[in-house]
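The structure appears below as structure tokens.
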Amino acid sequence: MKLIMRADDLGFSEAVSLGILKAVKDGVVTSVGMMPNMDSAQYGYDLIKDYDIALGQHTNICVGKPLSDPKLIPSLVQENGEFCSSREIRARKEDTINVEECEIEIEAQLQRFIEITGKNPDYFEGHAVFSDNFFIALENVAKRHGLFFSNPSINKQWEKDNGIVGLEFMKLDEKGLYDPKEYMQNHLEDIQNNPCSVAIFHPGYLDQYILTHSSFTLIRPMECDFLCGDWIREWIKENNIKLVDFRNCKD
Numbered sequence: 000m001k002l003i004m005r006a007d008d009l010g011f012s013e014a015v016s017l018g019i020l021k022a023v024k025d026g027v028v029t030s031v032g033m034m035p036n037m038d039s040a041q042y043g044y045d046l047i048k049d050y051d052i053a054l055g056q057h058t059n060i061c062v063g064k065p066l067s068d069p070k071l072i073p074s075l076v077q078e079n080g081e082f083c084s085s086r087e088i089r090a091r092k093e094d095t096i097n098v099e100e101c102e103i104e105i106e107a108q109l110q111r112f113i114e115i116t117g118k119n120p121d122y123f124e125g126h127a128v129f130s131d132n133f134f135i136a137l138e139n140v141a142k143r144h145g146l147f148f149s150n151p152s153i154n155k156q157w158e159k160d161n162g163i164v165g166l167e168f169m170k171l172d173e174k175g176l177y178d179p180k181e182y183m184q185n186h187l188e189d190i191q192n193n194p195c196s197v198a199i200f201h202p203g204y205l206d207q208y209i210l211t212h213s214s215f216t217l218i219r220p221m222e223c224d225f226l227c228g229d230w231i232r233e234w235i236k237e238n239n240i241k242l243v244d245f246r247n248c249k250d
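In structure tokens, the structure reads:
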């Protein structure tokens, strides 16, 4: 039984990127998703570029500024040219994201990813927005460039086709926290009964940008500490779980 430990949001801010570095260097993270449009994307990449991990494109259409011309993607942006927030998008009664416009921005972020890293992403997925049109656009761009589109926990047919099952998202309490040990224990049977599973985390430290622009705050340093702790390493060993990433999960 194989397990991918995925950390999202590299480049969201400097503090988040430093926390992800900690979770890679001292922890059990095997795959990291970078947000190419963010100002700290290059900073985050420089921190982790020498580590043997899978690096994916964590495509972002709900935080900060787009890389494409806002006039070309009106369904994605506010009047000031910045992305609409994920909260605003979730509040819509209909999925108003335009697939063609979304592909324009996704392509721009892919080109930025390649500019930063010098290579294609090892996997390709999206940040925070649960929109069918967003997923269609991501898959279209991935197919166009021969990239591995990753959509666990969202698309059961994708999980069946790729042999990778996403663990269900954790349920947060009123403080935005949860018990990660309990979460992993509760999903041990899922991990044991599937050839490969993926667990998604958001380790990081906090700075003012994150406190202002993200609903995930206290959860980030908590998960960073958990992913670097003795318990998770011993739990993985005791249960004969093999850690893999998106590059070698089918080997």
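Note that numbering that gives the first Met the number 0 numbers the sequence shown so that position 54 is 53, with each residue one more than the last.
All C-beta atoms, glycine included, are put in the ideal place defined by N, C-alpha and C.
Remember, it's a predicted structure, so these values are computed and weren't measured experimentally.
DSSP three-state label for residue i, please.
| i | result |
| --- | --- |
| His186 | coil |
| Ser30 | strand |
| Val164 | strand |
| Phe134 | helix |
The beta strand (DSSP E) that contains residue i, what's its start and end?
| i | result |
| --- | --- |
| Cys56 | Checking the sequence shown, residue 56 turns out to be Gln, not Cys. 53-58 is the span of the beta strand (DSSP E), which, as asked, contains Gln56. |
| Ala198 | 195-200 |
| Val128 | That residue, Val128, is in no beta strand (DSSP E); it is neither H nor E in DSSP. |
| Leu75 | Note, Leu75: premise wrong, no beta strand (DSSP E); not H, not E. |
| Ile3 | 1-9 |
Need the endpoints of the alpha helix (DSSP H) that residue i sits in, please.
| i | result |
| --- | --- |
| Phe112 | 98-116 |
| Met221 | 218-226 |
| Phe245 | Note, Phe245: premise wrong, no alpha helix (DSSP H); not H, not E. |
| Gly145 | From DSSP, Gly145 is part of no alpha helix (DSSP H); its letter is neither H nor E. |
| Asp45 | 40-47 |
| Ser16 | 13-24 |
| Asp229 | 229-237 |
| Thr211 | 207-212 |
| Arg89 | 85-90 |
Spatial neighbours of residue i within its chain, please: C-beta separation below 7 Å, excluding the five flanking residues on both sides.
| i | result |
| --- | --- |
| Ser72 | For the sequence presented, residue 72 should be read as Ile rather than Ser. These residues qualify, in order along the chain: Pro65, Glu100, Ile103, Glu104. |
| Ser130 | Ile88, Asp94, Ile96 |
| Lys159 | none |
| Glu222 | Pro179, Phe200, His201, Pro202 |
| Ile240 | Met0, Leu2, Ile190 |
| Asn238 | Leu187 |
| Thr116 | Tyr44, Leu54 |
| Asp250 | none |
| His274 | Since the first residue of the chain shown is 0 and the last is 250, residue 274 is not available in this structure. |
| Val98 | Asn132, Ile135, Ala136 |
Which whole-angstrom value is the C-beta distance of residue i and residue j, which I expect to be below 8 Å?
| i | j | result |
| --- | --- | --- |
| Ser12 | Leu46 | Not really, about 12 Å apart at Cβ, beyond 8 Å. |
| Leu109 | His144 | 7 Å |
| Val27 | Ile52 | No, Val27 and Ile52 are not in contact; Cβ-Cβ is about 11 Å, not under 8 Å. |
| Tyr50 | Phe245 | At roughly 14 Å, the Cβ-Cβ gap does not stay under 8 Å, so Tyr50 and Phe245 are not in contact. |
| Ala22 | Cys227 | 6 Å |
| Leu242 | Ile235 | 7 Å |
Compare the Cα-Cα distances from residue i to each of the options and report the closest residue.
| i | options | result |
| --- | --- | --- |
| Ile163 | Pro151, Glu173, Met169, Ala22 | Pro151 |
| Asp68 | Ala198, Glu81, Val62, Cys195 | Glu81 |
| Leu166 | Val140, Asp229, Arg246, Ile199 | Ile199 |
| Gly175 | Glu188, Asn192, Ser214 | Ser214 |
| Tyr42 | Ile19, Ile60, Asn119 | Ile19 |
| Tyr44 | Leu187, Lys241, Pro120 | Pro120 |
| Ala252 | Val76, Ile135, Pro35 | As displayed, the chain neither begins before 0 nor continues past 250, which places residue 252 out of reach and without an answer. |
| Trp157 | Lys70, Cys227, Ile135, Ser84 | Ile135 |
| Glu334 | Phe133, Trp230, Asn161, Ala40 | No answer is possible for residue 334: the residues shown for the chain start at 0 and end at 250. |
| Phe225 | Arg246, Met183, Asp244 | Met183 |
| Ala14 | Met4, Ser196, Thr216 | Thr216 |
| Ile209 | Lys24, Met37, Ile153, Thr29 | Met37 |
| Lys24 | Leu205, Lys92, Lys48 | Lys48 |
| Glu181 | Met169, Val76, Glu173 | Met169 |
Closer than 6 Å by C-beta to residue i: which residues in its own chain qualify, once you throw out the five before and the five after it? Chain order, please.
| i | result |
| --- | --- |
| Glu124 | Ser149 |
| Gly55 | Gly32, Pro120, Asp121, Tyr122 |
Excluding five sequence neighbours on each side, which residues of the same chain lie with their C-beta closer than 8 Å to the C-beta of residue i?
| i | result |
| --- | --- |
| Leu171 | Tyr177, Ile218 |
| Ser84 | Cys61, Val62 |
| Val140 | Glu102, Ile105, Glu106, Leu109, Phe123, Leu146 |
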